[in-house]
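Have a look at the structure below before the remarks.
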Amino acid sequence: MREPDFERLRREVGDAVRQPDFFTVRRRARQVRRRRAVTSGAVFLATVLAATSFGYAVRSGPADGGPVGSAVSPTDGWPRMSAVTGIGDELYTLMESCENCRAQLYASTDAGASWQRRTEPAAAKNSSGPGTVTSLAPGVVVWRDARTVTGAEMVGSTLFGHLSITTDGGRSWRRSAVDTSPVAAVTTGTQPVTCEFLEIKTCVYAAVDPVTGRFAPLARQPVGIKVPDASAFTINTPQDGPLWVSGMDPTTHKPAVATSPDRGRTWRTQVFTDAATISFGKEQQAVAWPLLPQVAAGSGGTAYVRTSRNQTEQDTHYTADGGLTWHAGDTIHDARTHGAFVAADGRPIVRTDTGFLAGDSTGRYTPVAVSGYPETPTQQAQLISPHRYLAAAENGPYLSEDGRTWRQVPLP
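For the sequence shown, our numbering assigns the number 53 to the initial residue and increments by one for each residue that follows.
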């Protein structure tokens, strides 16, 4: 898990793994509807679904490459960053110089100290322009087009376009593919992807081959858990740590999480039986992620899960051994939360409407100072290397070594 237009909406709702502010998404969706006369219900759900698996949506302009939009004053919000992704020392960002200009890809191999221009994959004929982009491993970035959803189409129809991947840091791109034969585990040093993103309905997680750029489902999938669409919004974990899945018990609809300590070879599931039952209609599941357990994991087996009582109350749960044992924690009262991450000191940091809260295993959550964090983030903080966190706003990426003190990275 950006977007005053649907591209920016996808960014807010995008990733895998990054939790946007739902109320910001709703506000920005209203801004889009004022500019574009489209079928709002179909497009909104299509937008949400396009961003539910991982990465951040990008505005890439007309599929045919023209006409070029006219530049406007920087005071009108241009140029701006429409997406950023990273892993280790690598950062990849897309820059827009005007409202209708095609986004341009830049790469950095030194955490934003310098930037180099990269090429974008060719847009498909049926592409609406926006897509998703995400780092899966050093030098490996995946870009997926989204196609235009017309007013005549039903909500829930297939909307993803072509999948492109680079294994050389954006210097060249090729069309990727999905193999039907499963693989045993996610390759060490790579990120998993959700099967939802790959349009596979029979699995939850898939892996990428960083050499061939091909995807394949995991042979063993989480059991004892129902995983709704858009569940990737609820997961914020290190890219080299255990795998996590958020959902609910298929029978009781109680909140549940599943985790794998060995890159997907084995799974264990925890149901929070004392938590409130999750309830929503089938047509709502793509936007029901705020109701699901919210997972923030640190190094090793440390993880924190928040389950909702209502919009302003959440119960916290803590594990230090990768989900083998769980402990009940504090209840967060009177706060709308907008994502969480585990800081370098092992404490969970929760962003709220009024600031930040920090916990300590099963202890109380109290206000904490977080300096330099973007006021209106378009991407919540995520650990992209053992000692580097990445967040973002439209004015650029933000980095931190400890999760508590942040600095803005100069744009290309």
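The C-beta atom is built at its ideal place from N, Cα and C for all residues, glycine as well.
Given the structure is predicted, the values throughout are model-derived calculations rather than measurements.
The beta strand (DSSP E) runs lying completely inside the region 280-314 and spanning 3 residues or more are 295-300 and 307-312, given in chain order.
If you check the CB distance, Gly398 and Asn288 do not come in under 8 Å.
Note that the region 351-369 touches the region 392-411; at least 3 beta-carbon pairs, one per stretch, sit closer than 8 Å. Around the beta-carbon of Glu365, fewer than 16 other beta-carbon atoms lie within 10 Å, marking it exposed. Residue pairing of Val194 in beta bridges, as defined by DSSP: Thr186 and Ile217. One Cα belongs to Ser166, the other to Asp386, and the distance between them is close to 43 Å. In this structure, Glu172 is the residue among Glu172, Asn152 and Pro449 with its C-alpha nearest to the C-alpha of Thr218.
Note that the C-beta distance between Val309 and Pro342 is not below 8 Å. Glu427 counts as exposed, since fewer than 16 other beta carbons sit within 10 angstroms of its beta carbon. For Gln431, DSSP records a beta bridge to Ala444. Here Thr286 is actually not in contact with Gly375; their C-beta atoms are around 15 Å apart, not less than 8 Å.
Three or more beta-carbon pairs separated by less than 8 Å are not found between the region 407-420 and the region 432-439, which leaves the two stretches without contact.
Pro429 counts as buried, since no fewer than 16 other beta carbons sit within 10 angstroms of its beta carbon.
For Gly381, the enclosing beta strand (DSSP E) has its first and last residue at His379 to Ile384. When secondary structure is reduced to three states using DSSP, Pro464 falls in the coil class, being assigned neither helix nor strand. With a cutoff of 8 Å on beta-carbon distance, Val402 and Arg456 are scored as not near each other. When Asp141, Gly129 and Pro313 are compared, the shortest CA-CA separation from Asn152 is found for Gly129. Under the rule that a run must span 4 or more residues, no alpha helix (DSSP H) segment is found entirely inside the region 226-285.
In this structure, DSSP gives Pro345 a state outside helix and strand, which the three-state scheme calls coil. The beta carbon of Ala163 lies closer than 6 Å to those of Asp141 in the same chain, with the five residues before and after it left out. Fewer than three pairs of CB atoms, one per stretch, sit closer than 8 Å, so the region 274-284 makes no contact with the region 219-239.
Its Cα nearest to that of Thr184, the residue Leu146 stands out among Lys177, Leu146 and Thr161. Shortest Cα-Cα distance from Asp220 to any of Thr161, Thr383 and Thr329 involves Thr161. Per DSSP, Asn152 has no beta bridge partner at all. Met133 is positioned such that its CB atom lies closer than 8 Å to that of Gly448. Residue nearest to Gln363 within the set Trp319, Val263 and Ala328 is Ala328 (criterion: CA-CA distance). If you check the CB distance, Val347 and Ser298 come in under 8 Å. Counting only runs of 3 or more residues that sit fully inside the region 402-428, the beta strand (DSSP E) segments are 407-410, in chain order. For the options Lys253, Pro302, Ala155 and Tyr144, the alpha carbon positioned closest to that of Gly276 is the one of Pro302. Membership of Gly391 in the beta strand (DSSP E) is indicated by the continuous run Thr389 to Val394. A residue is called buried once 16 or more other Cβ atoms fall within 10 Å of its Cβ, and Ser233, having fewer, is exposed.
Excluding its 5 nearest sequence neighbours in each direction, Val192 has C-beta neighbours in its own chain below 6 Å: Thr219 and Pro262, listed in chain order. Secondary structure of Pro131 (DSSP, three-state): coil.
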